[in-house]
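Notes to accompany the following structure.
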Amino acid sequence: MIYPKRLIEVDLPIKRISAHARREKSIRHGHISTLHIWWARRPLAACRAVICASLWIDPVDSLCPQRFRDQAVEIITKFAQKAAADGCCSPENWSKWKILVKPENKLDSQNPKHLNSLRYLLLDFIADFANWDNSTQSDYLETARALTQAAHEALGGEVGTRPLVVDPFAGGGSIPLEALRVGADAFASDLNPVAVLLNKVVLEYIPKYGQRLADEVRKWGQWVKEEAEKELAEFYPKDEDGSTPIAYLWARTIISEAPDDGTGIPVEVPLMRSLWLAKKASRYKALRWVRDASGIVQTETLEVTYADGVTRKVRRPLLEIFEPKSEKEVEKGTVARGSGTCPVTGFTTPVVSTRRQLKIRKGGANDARLFCVVLLKPSTQGRFYRLPSLQDLEANEKAVTALREFTSLDLIPNEPLPPQGSLGFRVQLYGMEHWGDLFTPRQLLALVTLTRLVKTLTPSPSPIGEGDMIVGDGDRIGDRIGDRIGNRIGDRIGNRIGDRIGNRIGNETSPLLLREKGSGDEGNLSALVGAKRQIPRVLLEKARELRKQQTPAEEILWECLRDRRLLNLKFRRQHNIGQYIADFYCHELKLVIELDGGIHQQTALRDQDRDRWMQEHSIQVLRFKNEQIFTNLENILAEIAHLLSPSETPSETPSHIQSPSPVGEGLGVREKDLANAIQTCLSLAVDRQANTLTSLSRWDIARENNQGLFVRQAIPMLWDFSEANPFSGASGDLDGALAWIFDVCKSNAHLEGIEGQTEQTSATNLFYLPDDAAQFLCTDPPYYDAVPYADLSDFFYVWLKRTLPPNLSANFSNKLTPKDDECIVDEVKGKDKAFFERTMGKAMAEGRRVVAPNGIGLIVFAHKSTAGWEAQLQAMIDAGWIFTGSWAIDTEMGNRLRAMNSAALASSVHLVCRPRSNNEIGDWRNVLQELPKRIKEWMPRLTEQGVVGADAIFACLGPALEIFSRYSSVEKASGEIVPLREYLEYVWAAISKEALSTIFKDADTSNFEEDARLTAMWLWTLSAGEASPPAPLPDGEGSDDDDDDENTSKKPKITGFSLEYDTARKIAQGLGAHLENLTHLVEVKGDKARLLPVKERAAYLFGKEGMIPDIPKKKAKGDKQLTLIGVLDELPEDEYGEVKISRIGETICDKVHQAMLLFNSGRSEALKRFLVDEAIGKDLKFWQLAQSFSALYPAGTDEKRWVDGLLARKKGLGL
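The sequence shown maps to residues 1 to 1215 in UniProt numbering.
So, in structure tokens, the structure goes:
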């Protein structure tokens, strides 16, 4: 069946959306990226735009229901009136809205000519809605939600329902959040419990509680901070003048393996990447070695006990702080590629020894050298630096001692790190084997304290913002309970209860006094209590639920009453009595025991009715406070036993047992959920602190602040690190962590009342959803081998499992996050390409199952690997999806290291697809005939939108694949089935040819040899359109190419232009070129191919005897560089010897490169003879190619400068 097209299948304003997506990278406050780190999050701008365009129908399509056209005209006109009045839109759209609101320009949904205008007005709205500033504006939200609802109902959706958007790889939650924002229902699932938790906060807690959650998080967060500071202040002492340390800078150390210099005492070498402390345009601070008059580095001799238990006498080089006048005054660091150079002797200890020494010391963080303290001074701006004092060292040693008290409480994460060699990890090489090894003792003490406070905190939120909390020491309470119960009813039960409750209170304390009881469907109130009766199903289910959610106080009392342990009388827990549910009930004596009695505040009237009913049925009721169970259990048990004695008739309650009736039964289910939400948000704050408080955090010398661990999608080794003070009032402290979370809750409070659903499950098994339940599958699946999500998230998981409330314990009950079913490529875990394809295929098939026949899908992909692409595409085709389009939205920053001179995707490609409903067989000849036509239609549209290079290549795959994927299989005349891989070869060829015609525009590409075509296409593939300015990165979303481990030395400048070999091979094949025959142009090493820089081609182009040397740089005043044409012209030709050009290049590309080298060498006369006398410059194709190269070579490269200089000489030579 054919369905109306959605907007995304016909057009999309990707240039404007891309601009908003790039800008979003620099937005911090209130953005969900600041709630908690998650890797490779999609920008909200892009998600919002594509969701709207996928849900809304194209009004121009002939199958578009007239109902949607009518409503869309009404909705967009209403918005135009508001936008025209207040200008809440982009300048380019404001003029359109002002024109639209004029009576003579009123849209007519019945007029076909107006429908095209309606289409582009909807797209204009989407472009402006992608702007972060408009994402919370009521006009935009109301309009978007109205259009979503109109489209849903026009497509057959039940009136009053909303379309369901499903994201089975929900990750950081961008897609489901935006689905809620635009008026859809959202179902988010993920295999990873950390991702599930983040989505639960964003999709359930924040929409459910809105601003109130933000206020409560701020309130209880402040309490946690104050309590933690009381406990930890002595470990972070202020200076005598009131200065506050904000960072302690440490360096791991090794013992120099230099030969004995006669002292018999080795040198301890601090491993420091750099001696800079602050490096700004107007501010330099650095360290230098203390030297005597003869320049010898001074040392102090001391005994140091290292983490391996060995005490050594060592010489420690002395440092001092100074203000350099220039960069040249600052010496290099002591570590390069893992090898440590001694500043005293100059001896370099090899990386093998560095690893060996640090391995036996578990990474060397516990015995690192403190070399500097960064301060904030009262009433003085800026950062100040000083050398460490005795007070600093003593405070750290006190923390080491204090931490020992927590070693038996299971608060320190001792879970293992991934196996050595796992994707994204290097620290195991240096002895870090458990997650706790990534922290120093003081960092662990701070995190353990925060963990304990959050875990044992029990907020009691109230409508007016007041509340109380109970904070318990689990082991202390557990031991006391065990002893008391043991004395009354036996040591065996007492010890069992003590251990169990101590663990529960210490590690799994849930908000107390927060369960609503005493409510349910109307039952048969005249039935006798205990007689056989039909209990309403709702009450039965509620009672079962309450049994699973016992409070610690109820659990303690139940251990004493169960199995006839008290006077051989049978008790039932959470038992149905009439329309009520009693905490504990003894039928033999008609006695109800209720807890929570001390805080009955809100349901007094209901409890009066409850007590009256109990009295009418001769049921005695005893109520106790939860606190009494913890503090006075033995007396409570004695009094219960007294009342239950067969010789006694329960009559009146003993005077010392408080009976608070008639009052309510706690804060209610909603309040309990809110308490859980508060505790969950505070747990995320602990995670944010963990990211900062590690021995893998950096001191940023440019910004002068602490930089957390996850500046990239890996856990690399770091030689010197920054330890933040969590109470400093500076970047990286606890106040900041709490503020980020408060901002996210506050900024998204407008979603209140629009909740989503979050579940933990594999994308291969969405058992929560029936067939055809969803209208839209929108997901950003794992990128092949790009990010080891599960392994990285274990860093946070090990803290979350120790802080979260019990209602989330099921998802955090395992030792670590689930790994077996994670859909990535990681050879160390045995997950190869076949595993990825198989798992992704199952996920895409499951997605196909849950999407309705008239639904739509959108898969986001941003990995440059062709292998990754092919695996993803194959999985989708096998699952029964047909591609209907693709769009490249620029979501990355061009200043990323990986983007420099490599074919990293600057854009995320959004593949639009539909469920395939037939099993038709395609004819191979027809497919090949249609392919070039489709590419020719699509490429100019991408060019107009500024999409070029690798982004354009991958964006063309969507329309190309539509031809192939519309069939269940494609067969040749022989009956042979065509595999996707073979078809993709033809796709690459068609794209390459079309791109080449775009590059050379009016030139006849057939006149250029294969080396020119390949060079042009290669450079075009590397291009990324307009460069975007650098922007600060949200946590965890930085460049993934930072130096680490042995790569800490300055990398040599990489020359040439790199592509993945498979990409290069496909491009070459598509152009009829063969890499094996072009070794003088392309170098292949492993899985990389490099287009040689022109300078490296000199030997081939001129022959050995004819190589053109560079002009020696004149070290004159100002170090003048000979880059200007005028300067080159003034140089006498005969200064550089005879020019011997043994041969003229065979191809046009060779000739252009020869001319570029002649220009670079300053040989004006030789260049003139080459172009004029040899008539090379009289060939129009020569200048056409040179002009194309000028447009293609990246700015700032030698090649770009040389070819531009060559073109500038053309006119002067009369050519």
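The C-beta atom is built at its ideal place from N, Cα and C for all residues, glycine as well.
Keep in mind that this is a model prediction, so the values were computed, not measured.
Discussion item. Within a Cβ cutoff of 6 Å, which residues of the same chain sit near S731, ignoring the five residues on either side of it in sequence?
Written reply: Position 731 of the sequence shown, counted from the first residue, corresponds to residue 731. Only N705, N706 meet the Cβ criterion.
Worksheet item: What are the boundary residues of the alpha helix (DSSP H) that E74 is part of?
Response: The count along the sequence shown starts at 1 and reaches residue 74 at position 74. Unbroken alpha helix (DSSP H) run through E74: 66-86.
Worksheet entry | Supposed contact pair V798 and W1020 - C-beta distance, whole angstroms, cut 8 Å | In the sequence shown, residue 1020 corresponds to position 1020, counting from 1. In the sequence shown, residue 798 corresponds to position 798, counting from 1. With a Cβ gap of about 47 Å, W1020 and V798 do not count as contacting.
Worksheet item: Per DSSP, V217 forms a beta bridge with which residues?
Response: Indexing the sequence shown from 1 puts residue 217 at position 217. Answer is none; V217 lacks a bridge partner.
Worksheet item: Once you ignore the five residues that flank Y385 on each side, which residues in its own chain have a CB closer than 8 Å to its CB?
Response: For this step, residue 385 is matched to residue 385 along the sequence shown. Cβ within range, chain order: L277, A278, K285, I321, C372, V373, V374, L375.
Discussion item. For a test of the three-state rule: what should DSSP assign to A186, helix, strand or coil?
Written reply: By one-based count along the sequence shown, residue 186 stands at place 186. Strand, per DSSP.
Discussion item. Using only CA atoms, which one of A879, A763, E1060 lies nearest to V1084?
Written reply: One-based indexing of the sequence shown puts residue 1084 at position 1084. Answer by Cα proximity: E1060.
Worksheet item: From what residue to what residue does the alpha helix (DSSP H) around S1190 run?
Response: Taking the first residue of the sequence shown as position 1, residue 1190 is located at position 1190. Residues 1180-1192.
Worksheet item: Which ranges does the alpha helix (DSSP H) cover as unbroken runs of at least 4 residues, wholly within the region 770-826, from first to last along the chain?
Response: 789-800
Worksheet entry | Outcome for F630 when other beta-carbon atoms lying within 10 angstroms are tallied against a minimum of 16 | The count along the sequence shown starts at 1 and reaches residue 630 at position 630. Buried, because 16 or more other Cβ atoms sit within 10 Å of the Cβ of F630.
Worksheet entry | Rounded Cβ spacing between T680 and L808 (contact assumed at less than 8 Å) | Numbered from 1 along the sequence shown, position 680 holds the residue referred to as residue 680. Numbered from 1 along the sequence shown, position 808 holds the residue referred to as residue 808. Between L808 and T680 the Cβ distance is about 7 Å, and since that is below 8 Å, they are a contact.
Discussion item. So, at 6 Å on beta carbons, what are the nonlocal neighbours of M1156 in its own chain, with the 5 sequence-adjacent residues on each side left out?
Written reply: Residue numbering aside, residue 1156 sits at position 1156 when the sequence shown is read from its first letter. Hits under 6 Å: V1094, W1202, V1203, L1206.
Practice prompt. State buried or exposed for I99, treating a residue as buried only when at least 16 other CB atoms are found within 10 Å of its CB.
Written response: Taking the sequence shown and counting its residues from 1, one reaches residue 99 at position 99. With fewer than 16 Cβ atoms within 10 Å of its Cβ, I99 is classed as exposed.
Worksheet entry | Nearest candidate by alpha-carbon position, reference E1009, set E1146, L447, A888 | In the sequence shown, residue 1009 corresponds to position 1009, counting from 1. Taking the Cα of E1009 as reference, the smallest distance to any Cα among E1146, L447, A888 is reached at E1146.
Worksheet item: Can the beta-carbon of G333 be found less than 9 Å from the beta-carbon of R252?
Response: On the sequence shown, residue 333 is found 333 positions in, with the first residue counted as 1. On the sequence shown, residue 252 is found 252 positions in, with the first residue counted as 1. Taking a C-beta distance under 9 Å as the contact criterion, G333 and R252 do not qualify as a contact pair.
Worksheet item: Excluding sequence positions up to five away, which residues of its chain have a Cβ less than 8 Å from the Cβ of S1023?
Response: Walking along the sequence shown from the start, residue 1023 turns up at place 1023. V948, G949, L1192, P1194, listed in sequence order.
Item to complete: For S965, count neighbouring Cβ atoms within 10 angstroms of its own Cβ and tell me buried if that reaches 16, exposed if not.
Response: By one-based count along the sequence shown, residue 965 stands at place 965. Label assigned to S965: buried.
Worksheet item: Taking T456 as the reference, which of P806, D61, S26, C88 has the closest Cα?
Response: Within the sequence shown, residue 456 is the residue found at index 456, counting from 1. Comparing Cα positions, the closest option is P806.
Practice prompt. Can you grab the Cα-Cα spacing for the pair D61 / Y120, in whole Å?
Written response: Within the sequence shown, numbered from 1, the residue matching residue 61 stands at position 61. Within the sequence shown, numbered from 1, the residue matching residue 120 stands at position 120. Going from the Cα of D61 to the Cα of Y120 covers about 13 Å.
Worksheet item: At a Cβ threshold of 9 Å, is Q549 touching chain E?
Response: In the structure shown, chain E does not exist; there is a single protein chain.
Item to complete: Would you check if the region 260-280 and the region 342-353 touch, i.e. whether three or more CB-CB distances between them fall below 8 Å?
Response: yes
Discussion item. Runs of 4 residues minimum, wholly inside the region 712-780: which ones carry the alpha helix (DSSP H) assignment?
Written reply: 734-747
Item to complete: At 3 residues or longer, and completely inside the region 925-950: list those beta strand (DSSP E) runs for me, N to C.
Response: none
Worksheet item: Where does R273 fall in DSSP's three states?
Response: Within the sequence shown, residue 273 is the residue found at index 273, counting from 1. Collapsing the DSSP output to three states places R273 in coil.
Worksheet entry | Three or more C-beta pairs below 8 Å linking the region 107-121 and the region 26-41 | no
Item to complete: Identify which residue in R849, G183, T758 has its Cα closest to the Cα of P770.
Response: Indexing the sequence shown from 1 puts residue 770 at position 770. Here the closest residue by C-alpha is R849.
Worksheet entry | Contact check, G1214 vs V1172, beta carbons under 9 Å | The sequence position of residue 1214 within the sequence shown is 1214, counting from 1. The sequence position of residue 1172 within the sequence shown is 1172, counting from 1. Against a cut-off of 9 Å, the Cβ pair of V1172 and G1214 comes out as a contact.
Worksheet item: In this structure, what does DSSP give as the bridge partners for D167?
Response: The residue labelled residue 167 in the question sits at position 167 within the sequence shown. D167 pairs with A188.
Item to complete: From the DSSP output, in three-state form, read off L682 for me.
Response: Indexing the sequence shown from 1 puts residue 682 at position 682. Looking at L682 - three-state DSSP - the assignment turns out to be helix.
Worksheet item: Can you tell me the Cα-Cα spacing of T301 and P781, whole angstroms?
Response: Numbered from 1 along the sequence shown, position 301 holds the residue referred to as residue 301. Numbered from 1 along the sequence shown, position 781 holds the residue referred to as residue 781. Cα-Cα distance, rounded: 56 Å.
Worksheet item: Taking the continuous beta strand (DSSP E) assigned at V267, which residues delimit it?
Response: The residue labelled residue 267 in the question sits at position 267 within the sequence shown. It is not in any beta strand (DSSP E) - V267 carries neither H nor E in the DSSP assignment.
Item to complete: Pick out whichever of G183, E178, G172, S722 has its Cα sitting closest to the Cα of S189.
Response: Counting from one through the sequence shown, the residue named residue 189 turns up at place 189. The shortest CA-to-CA distance from S189 to any of G183, E178, G172, S722 is the one to G172.
Discussion item. Would F883 and E962 qualify as a contact pair, given that the criterion is a beta-carbon distance under 9 Å?
Written reply: Counted from its first residue, the sequence shown places residue 883 at position 883. Counted from its first residue, the sequence shown places residue 962 at position 962. Contact: yes.
Discussion item. Are the CB atoms of N192 and G756 within a distance shorter than 9 Å?
Written reply: Counting from one through the sequence shown, the residue named residue 756 turns up at place 756. Counting from one through the sequence shown, the residue named residue 192 turns up at place 192. No, the pair does not count as a contact, with Cβ atoms beyond the cut-off.
Worksheet entry | Alpha carbon of I255 to alpha carbon of T449, nearest angstrom | Counting from 1 along the sequence shown, the entry for residue 255 is found at position 255. Counting from 1 along the sequence shown, the entry for residue 449 is found at position 449. Approximately 34 Å between the Cα atoms of the pair.
Fill in: Cβ neighbour criterion (16 or more within 10 Å) applied to G382
Numbered from its first residue, the sequence shown carries residue 382 at position 382. Per the 10 Å Cβ criterion, exposed.
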